Every structure is written in structure tokens, then in C-alpha cells.
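These notes are about the structure you will find just below.
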Amino acid sequence: MQYDLALNGFEIAGGSIRNHKPELLKKAFQLLGYKDNVIMEKFGHMIEAFSYGVPPHGGAAIGFDRLMMILLNEPNIRETIAFVKTGDGRDLMSNAPSDVDEKQLSELHIKITK
């Protein structure tokens, strides 16, 4: 189940209750087109764990930047985002992301392809 909180036509929060019933979880994967053997191979550990009984769990989060946009009567959310990024994901205030050397990538078993 998913839910949203709206203020004057703007969504300011959203959340959900997670699927915690193993039979429904398996059915959801089937509806997505997964075969039973693939479901058990990739998600069997979760389905088995849930079969022991999992309480309903979920959460919600407020979009603080969106809420501030409304409260400050700003027409653009970019004016209230705390850590604005450029179109290509760079942070001009901290000069991030920084370069990573090959040794670090190798230690972490990360391969970057362009």
C-alpha cells in the first residue's frame, strides 16, 4: 500500500507499507514476469524469512525541500534544495564528485566503463 500527503495540490510526503506476506510477495514477482525458479533463486531467502512471520512494516518521508518551496512561495523547487547539483550531477560548492584513482577502484573491486 502506498500513500501520499498533499498540501494545496503539492505532494509533500509519501510512504508505503511493505509487502510482508510471503505468498503475496511471490505472487507480485510472478505478476512482474518472474518464473518460480528465478523467484526462489533471487528472492527465496526473503520469502523464507518472511514465512516465519514478519510484522507489517513501512514508513513515510517528508519532502522538506518541497514543503519549504510552498511555505516560501517559491515557484521553483531549485530555490529551496539544500545541496543543488548541476544537470550532470556535480556539486559546485564541494567540487564533488572528486576523481578516484585506479588503486582505490581496484581495492573496492569497482570497474568503471564509459
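Numbered per my numbering, the sequence shown spans residues 1258 to 1371. All C-beta atoms in this analysis are idealised placements derived from N, C-alpha and C, irrespective of residue type, glycine included. Only a predicted model underlies this, so the values are computations on that prediction, with no experimental measurement involved.
- Inter-stretch contact (C-beta, 8 Å, three-pair minimum) for the segment 1264 to 1273 and the segment 1284 to 1294: no
- Item | Contact the segment 1278 to 1288 vs the segment 1332 to 1339: 3+ CB pairs below 8 Å | no
- Those residues which DSSP pairs with Gln1259 across a bridge: Walking along the sequence shown from the start, residue 1259 turns up at place 2. Under the DSSP definition of a beta bridge, Gln1259 partners with Ser1273.
- Which value, in whole angstroms, describes the spacing of the CA atoms of Gly1399 and Glu1364? Residue 1399 falls outside the range modelled here, since the chain spans only 1258 to 1371, and no answer is possible.
- Task: Please look up how many angstroms separate the CB atoms of Ala1270 and Ala1318, rounded, as I've assumed it's under 8 Å.
- Result: To locate residue 1270, count along the sequence shown from 1; it is residue 13. To locate residue 1318, count along the sequence shown from 1; it is residue 61. The Cβ separation is near 6 Å, so the contact holds.
- What residue ranges within the segment 1294 to 1365 form continuous alpha helix (DSSP H) runs of no fewer than 4 residues, ordered along the chain? 1321 to 1328 and 1359 to 1364
- Assigned exposure category for Asn1352 - 16 Cβ within 10 Å defines buried: Counting from one through the sequence shown, the residue named residue 1352 turns up at place 95. Exposed: under 16 other Cβ atoms inside 10 Å.
- Is Leu1282 helix, strand or coil when you go by DSSP? On the sequence shown, position 25 is the one that residue 1282 refers to. Correct three-state label for Leu1282: helix.
- Message: So, for Val1307: in the same chain, excluding its five sequence neighbours on each side, which residues have a beta-carbon less than 8 Å away from its beta-carbon?
- Response: Against the sequence shown, residue 1307 aligns to sequence position 50. In the sequence as presented, Val is not what sits at residue 1307; that position holds Phe. Excluding residues within five positions, the ones whose Cβ falls inside 8 Å are His1277, Lys1278, Pro1279 and Leu1282.
- Task: Give the single residue among Ile1296, Lys1299, Ile1304 and Pro1313 whose Cα lies nearest to the Cα of Met1258.
- Result: Within the sequence shown, the letter at position 1 stands for residue 1258. Of Ile1296, Lys1299, Ile1304 and Pro1313, the residue nearest in Cα terms is Pro1313.
- Message: So, for Val1311: in the same chain, excluding its five sequence neighbours on each side, which residues have a beta-carbon less than 6 Å away from its beta-carbon?
- Response: Mapped onto the sequence shown, residue 1311 falls at position 54. Once the five neighbours on either side are set aside, the close Cβ partners of Val1311 are His1277.
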